[in-house]
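J.: Under our numbering, the first residue of the sequence shown carries the number 1164, and numbering increases by one thereafter.
Ideal Cβ positions, reconstructed from N, Cα and C, are used throughout, including at glycine.
Got a structure here, written out as C-alpha cells. Questions coming.
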Amino acid sequence: MAEWYWTRWPSREGLEYDAESRPRRILTALGRVVVLLSVCWGTFSGSGYAGWTVAAVVAGLGVAVALAAGYLHASWKQRAVHAYPLAAGVFAAAWLANWGHAYLLADVLWYGLAVTSVIRLPPGPALLTAGASLGSYAAVSWASPLSITATVGGLLLLGYLLRLDIEARGTARRLLDRERAARAAEAESAALAERARIAREIHDVLAHSLSAQLVHLEAARLMLDSGTDRERIRERVVAARRMAQDGLAETRQALSALRGEFTPVGEYLAELTGWERAAFGVVGTPRPLAAEAGLAVRRTAQEALTNVRKHAPGARCTVELRYLADEVELEVRDQRAGRAEAPGDLAASGGGYGLLGMRERAELLGGTLLAGPHEGGWRVLLRVPA
C-alpha cells in the first residue's frame, strides 16, 4: 500500500481541461504569459549581453521554454517515460541559466519545476524533484537563510494546496460522472418499466377483446351446427365485429390511461355495467386513483364480466366499488336463483388465463385478488392500494 501511494499519480479527472472553470483557465494562461514576459525582461535588461552571447541566451531561453512546455504536457498526460526525462532537462537548463548569469530564469525554472512536480507527479518523484530544485535554489541564492526558508516553504505549501485542489476537482468530477451514470441507468430502467407496463396493458386489452370475440364466434359456430335462424347468427357475427372495434378503442384508451388521461373509474364502471346489464354501486367517497390502480380496476371488471357472460349466461351480476382508507376494492359477483346451473356451452372458449392475469396485475401493485365460489355463485374480489 505504501509503495502504491508513493508511486500513484494525482487524479487524472482533476487535470482535465473542462474540469476548470473558464475564468480559471484564462487566469492560468495570463499568468504563464506574464511569467514568460517577466523572465525575458529580467534576463535581457541590464545584463550586458552583446554579440553572440545574445543569440546564445535567446537560444537557451527557447530551449528552456520548450523543455518546460514539454514537461507540463507530459505530466498532464501522466506519461512517466516522458515526464521524468523532461523534468531532468528543465533542472539542467536551470543550472545552465545560472551558470550563464541568467539568475531570474534559473530561479523561475527551479520554482516552477518544484511546484508543478508537487502538483502533478506521484508523491515519491515529486518530493525528489522538488527537493533537488529548491535545494539548488537554496545553494546558489544570495538571500538570507530566513528568506530562503520562507520561499522554499511557501512554494511547497502552494504546490501541496494546488494538488489538494486537483484531487478535490477530480473527486467531484468522478462523483458527477457516477451521478450521471446513475441517472442514465434510472432513466433506462424507467423506460424499460414503461415499455413493460404498456406491453402488459396492450396484452390485457387484446386478451379481453379477443376472448369476447371468440365467445361470439363460437356461439355463431354452434348456431350454424344446430341450424339456428340466419338472423341470429348474423347478430353474433356483428357482435364479434363490434368487439374488434371496441378492442381497438380500448387499446387507445389504455395508452391514454398510461398518460393519466382516462375518465374516472366510477364513470367507466357505470358505463361498462350498463352495457353488461349488471347492477353497480359505490361505497365510500370517490377519489382519483393512480393510473396503474385505475387500470387494474378497469381490467379486472372487464375480465370478470366477460367470465360471467362466458360461464354463467343469464346470471344476475352485481359490481361494487369500495373506497377505503388507503386502498380500493372491487367486487364482482354473479348470483343464480335456485340450484346453480351448469356452465354454458361457451365456457370452453378462450385461453383460460384471465384470473392469472388479474392476480399478477394486483400483485404487481402490492394488492390481492380473490376468486372463487361464493353463496351459490362466483365472486371476484380485487384489493389494491390507492
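Three-state secondary structure (DSSP) at Trp1541?
T.: Of the three classes helix, strand and coil, the one that applies to Trp1541 here is strand, per DSSP.
J.: By the 10 Å Cβ neighbour count, where 16 or more other Cβ atoms means buried, how is Ser1280 classified, buried or exposed?
T.: Buried: at least 16 other Cβ atoms inside 10 Å.
J.: Given this structure, state the Cα-to-Cα distance separating Tyr1168 from Ala1306, to the nearest angstrom.
T.: Looking at the two C-alpha atoms, the distance is approximately 36 Å.
J.: Over what stretch of residues does the beta strand (DSSP E) that includes Gly1444 continue unbroken?
T.: 1442–1446 is the span of the beta strand (DSSP E), which, as asked, contains Gly1444.
J.: Count the other CB atoms, across all protein chains shown, that sit within 10 Å of the CB of Ala1441; report buried if there are 16 or more and exposed otherwise.
T.: Buried, by the Cβ-count rule.
J.: Less than 8 Å between the CB atoms is what I'm expecting for Ala1260 and Ala1227, so what's the real figure, rounded?
T.: The pair is a contact, with the Cβ atoms about 7 Å apart (cut-off 8 Å).
J.: Using 10 angstroms around the beta-carbon of Lys1473, count the other beta-carbons present and answer buried if the total reaches 16, otherwise exposed.
T.: So Lys1473 ends up on the buried side.
J.: Could you give the residue range of the beta strand (DSSP E) that holds Leu1178?
T.: Premise fails: Leu1178 is in no beta strand (DSSP E) and is neither H nor E.
J.: Short of 6 Å in beta carbon distance, which residues of its chain neighbour Ala1301, apart from the five on each side in sequence? Order them along the chain.
T.: Counting only Cβ-Cβ distances below 6 Å, and skipping sequence neighbours, we find Ile1311.
J.: Within 10 angstroms of the Cβ of Gln1465, are there 16 or more other Cβ atoms? Answer buried if so, exposed if not.
T.: So Gln1465 counts as buried.
J.: Given this structure, state the Cα-to-Cα distance separating Leu1291 from Ala1265, to the nearest angstrom.
T.: For Leu1291 and Ala1265, the distance between alpha carbons rounds to 24 Å.
J.: Please classify Arg1384 as buried or exposed, where buried requires at least 16 other C-beta atoms within 10 Å of its C-beta.
T.: Per the 10 Å Cβ criterion, exposed.
J.: Would you list the one or two residues that DSSP bridges to Tyr1486?
T.: Answer is Val1491, bridged to Tyr1486.
J.: Of the choices Ala1453, Met1521, Arg1363, whose alpha-carbon is the least far from that of Ala1468?
T.: The sequence given here places Leu at residue 1468; Ala does not occur at that position. That would be Met1521, whose Cα lies nearest to the Cα of Leu1468.
J.: For Trp1438, does the count of other Cβ atoms within 10 angstroms reach 16, so buried, or fall short, so exposed?
T.: Under this definition Trp1438 is an exposed residue.
J.: Under the assumption that Val1491 contacts Arg1461 (Cβ atoms under 8 Å), give the Cβ distance between them as a whole number of angstroms.
T.: That belief does not hold up - the Cβ atoms of Val1491 and Arg1461 are roughly 12 Å apart, past 8 Å.
J.: Applying the 10 Å Cβ sphere with the 16-neighbour rule, what's the burial state of Val1401?
T.: By the neighbour-count rule (16 or more Cβ atoms within 10 Å), Val1401 is not buried but exposed.
J.: Looking at Val1547 and Ala1475, is the spacing between their C-beta atoms short of 7 Å?
T.: Not a contact, by the Cβ cut-off of 7 Å.
J.: For Asp1270, collect the residues of the same chain with a Cβ closer than 7 Å to its Cβ; drop the 5 residues on either side in sequence, then sort them by chain order.
T.: Tyr1300.
J.: Measure the Cβ-Cβ separation of Ser1296 and Leu1276 and say whether it is below 7 Å.
T.: For Ser1296 and Leu1276, yes; Cβs fall inside 7 Å.
J.: For the region 1214–1298, which segments carrying the alpha helix (DSSP H) assignment without a break, of at least 4 residues, lie completely within its bounds, in sequence order?
T.: Whole alpha helix (DSSP H) segments, 4+ residues: 1215–1240, 1243–1262, 1266–1283.
J.: Three-state secondary structure (DSSP) at Ser1497?
T.: The sequence given here places Asp at residue 1497; Ser does not occur at that position. Asp1497 falls in the strand class under three-state DSSP.
J.: Taking the alpha helix (DSSP H) that Gly1429 falls in, what are its first and last residues?
T.: First-last of the alpha helix (DSSP H) with Gly1429: 1428–1439.
J.: For Leu1325, name the three-state secondary structure that DSSP assigns.
T.: Reduced to three states, the DSSP call for Leu1325 is helix.
J.: Three-state secondary structure (DSSP) at Ala1475?
T.: Here Ala1475 sits in coil by DSSP.
J.: Of the choices Ala1488, Tyr1486, Leu1487, Val1482, whose alpha-carbon is the least far from that of Arg1638?
T.: Here the chain comprises residues numbered 1164 to 1549, so residue 1638 is not present and cannot be evaluated.
J.: Assign Ala1347 to one of two classes, buried (16 or more other C-beta atoms within 10 Å of its C-beta) or exposed (fewer than that).
T.: By the 10 Å Cβ count, Ala1347 comes out exposed.
J.: What did DSSP end up calling Arg1384 once you bin it into helix, strand or coil?
T.: Here Arg1384 sits in helix by DSSP.
J.: Please check the pair Leu1484 and Leu1518, which I expect to be a contact at CB under 8 Å, by giving their CB distance rounded to whole angstroms.
T.: That pair is no contact at about 20 Å.
J.: Can you give me the C-alpha to C-alpha distance between Val1315 and Trp1273, rounded to a whole angstrom?
T.: Spanning the two alpha carbons is a distance of roughly 11 Å.
J.: Please state whether DSSP places Arg1546 in a helix, a strand or coil.
T.: In the structure shown, Arg1546 sits in a strand (DSSP, three-state: E or B).
J.: For Leu1545, which option in Gly1530, Pro1536, Gly1539 has the closest C-alpha, if you only look at C-alpha atoms?
T.: Out of Gly1530, Pro1536, Gly1539, Gly1530 has the C-alpha closest to the C-alpha of Leu1545.
J.: Identify which residue in Glu1434, Leu1452, Pro1451, Ala1453 has its Cα closest to the Cα of Gly1444.
T.: Nearest of Glu1434, Leu1452, Pro1451, Ala1453 to Gly1444, Cα basis: Glu1434.
J.: Expressed to the nearest angstrom, what Euclidean distance is found between the alpha-carbon atoms of Pro1506 and Ile1361?
T.: Confidence at Pro1506 is low in this model, with a pLDDT of 47, below 50, so its placement is unreliable and the value that follows should be read with caution. So the two alpha carbons sit approximately 34 Å from each other.
J.: Checking the sheet assignment: what are the DSSP bridge partners for Cys1203?
T.: None, per the DSSP bridge assignment.
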